[in-house]
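Residue numbers (this note's numbering), protein chains in the order written: chain A, 20 to 234; chain B, 514 to 918.
Built from N, CA and C at the ideal position, the CB exists for glycine as well.
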Amino acid sequence: MGLLSKKDSKLILDPLADNNPITIQVLGICSALAITAQLKPSIVMAVSVIFVLGAGNVVISLMRNIIPSKIRIIVQLIVVAALVIIVDQVLKAFAYELSKELSVFIGLIITNCIIMGRFEAFALANGPWRSFLDGIGNAAGYGLILIIVGFFRELLGSGTLFGFKVLGDPVTKTGLYAMGYENNGFMVLPPMALIVVGLIIWVQRSRNKALIEEN
Amino acid sequence: MGLKLKLHTLKEKYKGTKMAPAFNALHTFLYLPNETTHGGTHIKAADDLKRTMNTVILALVPCLLFGIFNAGYQHYAALDETLRLAPLANFLTMDNFIMGCWTVLPLVLVSYGVGLGIEFLFAIIKGHEVEEGYLVTGMLVPLIVPIDIPLWMLAVAVIFGVIIGKEVFGGTGMNILNPALTIRAFLFFAYPTWMSGDKVWVHGAVERQKEIMAGANIDAISGETILGSYAQNHNVVYDYWDMFWGFIPGSVGETSKLLILVGAFILIFTKIGSWRIIFSTLIGALTMGLIFNGIVDAGWIGESSKFYGLMNVPFWQHLIIGSILFGAVYMATDPVSASQTNKGKWIYGFLIGLISILIRVFNPAYPEGVFLAILLMNVFAPTIDHYVIQGNIKKRAKRLKVKTA
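As structure tokens, then:
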């Protein structure tokens, strides 16, 4: 990365793996459970959060010296709310079906702990460029897990990817279904997202022993 | 002795290598090893985990044998209704036995093969000894699934149940949930069409349905469970003695209430199953049944209500329909996932019974609520224990104060 210094690129790369907001900090779990039954909403959610957190971090960082610390949470909320409304309106205008599918969860980006967490922990104390990188990095780390979970849940739960029947047709019994394979209905239910996230954490920690806490 | 010696030398040969636990397990599974504990031992007891497990398996054997005969009997009786007129005469036949073996034994083989395979794998990866925990689970699993469940589904569920239900918590003795019920819950939510309805409980019913759909001119066979009939407000065609003896469709091993009672006797007599849990579960079920009967008697629920059928079942009949008895005797008493304190066991069992009947009546989609109730109470068992122990500590602290004052 010639464009970024080593310190800056760490801001983006760290949250993707070793300091992932979902698997390490265990934040933003609710939306990870709710919208990952299919791959498409997972990706839309990931992109939305990348936009909101990237832009939000920049805005908060620019205002960090003029926000009175007593009311900073309210200011942060207003910034997120404004950005979320923009995302919501854009989705409604250009991808109405999808926005109906995601329904309240776009609105609930406001309550995503990752966003407030990064505002508080990073943007209030750093310049706009570094805040922007941090926002993009964390949101991408969140989105990455969403997409992995969404991939497995859609593939095993519905036998499709992006709605394409990659495993064959369950009704006319083609492809895998001709051999007696059936979709796993459990995968479509939210508890299974929790278990898939747990499995990702398991794989990640067994690959990187440094992540295991002493106890 | 030849085999024992051979296994011993084999074990010595692989000592210290990665594969050691696998050979160790084979040796100790078949024979008592010569090694004894060195230094001071403080507890002397004749039973170990293996013997405990074997007793439970022994108590399950009658249910398994009955399940084998019943699998054949249900299949042939569905084809020829006249067999049902004299169940006793038509039950212990060679045809039933062969058909039963053909359908039940693959379930047992898959359950043990896959489950023990995973146990061996984990033991080798993690470098500890193979644990005996799966011996009972592997026997329970084929008894609590429908006869026609596809084998690959069973295999997937066993993998899930053993890894997520047990190994991630640290293996045998550390699991929060009962592994056998975790496997059943997985099957139930993952493949509901194979776990409920009126086609899966009798061998061949699904095949028959497919042939009819394809245009074959034959009669459909169906085997609704009794709970299914109640939940759908159909007429129940079996009498109480059929239910007690077990000549009814249902999961493989849970139909014969008589043989479950035999198993319960073995478990209580050998002090391996807790009689407190068994009795309190049954009391809980009866209590809930009585409450529902009372509601019907008081006229709060009319015949038009969809709950009327199951609410109106006389309270004692709840014990002989469905699998509450099987759950109470073999599942709720699992010493790892149940409450440990005596008072806790009463509370734990009572709530299992109560919730089982509650789910059974109020959720027609899950007419068999026993496994859900036990899993739920598994989660609460440590909490119950905590409060029982705290209560005891408080009581004794108070007594101490009175004495010193």
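In the DSSP assignment, H899 (chain B) falls within the unbroken alpha helix (DSSP H) covering 883–917. Proximity of I214 (chain A) to chain B, defined by a Cβ-Cβ separation below 8 Å, is satisfied. The beta-carbon of F699 (chain B) is placed less than 8 Å from the nearest beta-carbon of chain A. The beta carbons of F138 (chain A) and N227 (chain A) sit no closer together than 8 Å. Taking C-beta atoms as the reference points, G866 (chain B) and R873 (chain B) fail to come closer than 8 Å.
A direct Cα-Cα distance of roughly 21 Å separates I43 (chain A) from I129 (chain A). About 6 Å separates the beta carbons of I790 (chain B) and A851 (chain B), which is inside the 8 Å limit, making them a contact pair. Here the alpha carbons of I62 (chain A) and A114 (chain A) stand approximately 13 Å from one another. Against chain B, the CB of G187 (chain A) has no partner CB under 8 Å away; the residue lies outside that interface. Against chain B, the beta carbon of G204 (chain A) has neighbours under 7 Å at F702, A703, Y704, P705, listed in chain order. For the pair S769 (chain B) and A636 (chain B), the Cα-to-Cα distance works out to about 36 Å. Identification of chain B residues near L208 (chain A) by a Cβ-Cβ cut-off of 7 Å yields F702, ordered along the chain. Chain order gives the chain B residues near E201 (chain A) as Y704, where near means a beta carbon separation below 7 Å.
As for any beta strand (DSSP E) of minimum length 3 sitting wholly inside the stretch 113–188 of chain A, there is none.
Note that the C-beta distance between I902 (chain B) and T568 (chain B) is not below 8 Å. DSSP places W754 (chain B) in the uninterrupted alpha helix (DSSP H) bounded by 753–758. Per DSSP, reduced to three states, the secondary structure at S80 (chain A) is helical. Contact annotation: the stretch 605–613 of chain B touches the stretch 580–594 of chain B, with at least three C-beta pairs closer than 8 Å. The distance from the Cβ of P40 (chain A) to that of G160 (chain A) is about 5 Å, consistent with a contact at the 8 Å cut-off.
At a cut-off of 8 Å between beta carbons, I677 (chain B) contacts chain A. Contact holds between the stretch 736–751 of chain B and the stretch 819–833 of chain B, because three or more Cβ pairs, one in each stretch, are under 8 Å apart.
In this structure R912 (chain B) is exposed. Its beta-carbon is surrounded by fewer than 16 other beta-carbon atoms within 10 angstroms.
Neighbours of P663 (chain B) across chain A, judged by C-beta separation under 9 Å: G199, E201. Residue state for A851 (chain B) is assigned as coil, using DSSP reduced to three classes. Take L888 (chain B), set aside five residues on each side of it, and the residues of its chain with a beta-carbon closer than 8 Å to its own are L690, N691, L694, T695, A698, in chain order. The three-state secondary structure of P705 (chain B), taken from DSSP, is helix. When DSSP states are grouped into helix, strand and coil, V826 (chain B) belongs to the coil group. Taken in chain order, the whole alpha helix (DSSP H) runs of length 4 or more contained in the stretch 596–672 of chain B are 600–604, 607–639, 647–656. Between V99 (chain A) and I134 (chain A), the CB-CB gap stays under 8 Å. A check of alpha carbon separations from A894 (chain B) across B:D847, B:N748, B:A910, B:H716 identifies B:D847 as the nearest.
Here the alpha carbon of Q223 (chain A) sits roughly 10 Å from the alpha carbon of I231 (chain A). Short of 8 Å from the beta carbon of P534 (chain B), and not among the five residues preceding or following it, lie these beta carbons of its own chain, in chain order: F633, A636, I637, G640, H641, E642, V643.
The three-state reading of DSSP puts W859 (chain B) in helix, counting H, G and I together. For H521 (chain B), the uninterrupted alpha helix (DSSP H) segment begins and ends at 515–526. Nearest in C-alpha terms to S177 (chain A), of all of A:V66, A:A56, A:M211, is A:A56.
In the assembly as shown, H831 (chain B) is a buried residue. Its beta-carbon has 16 or more other beta-carbons within 10 Å.
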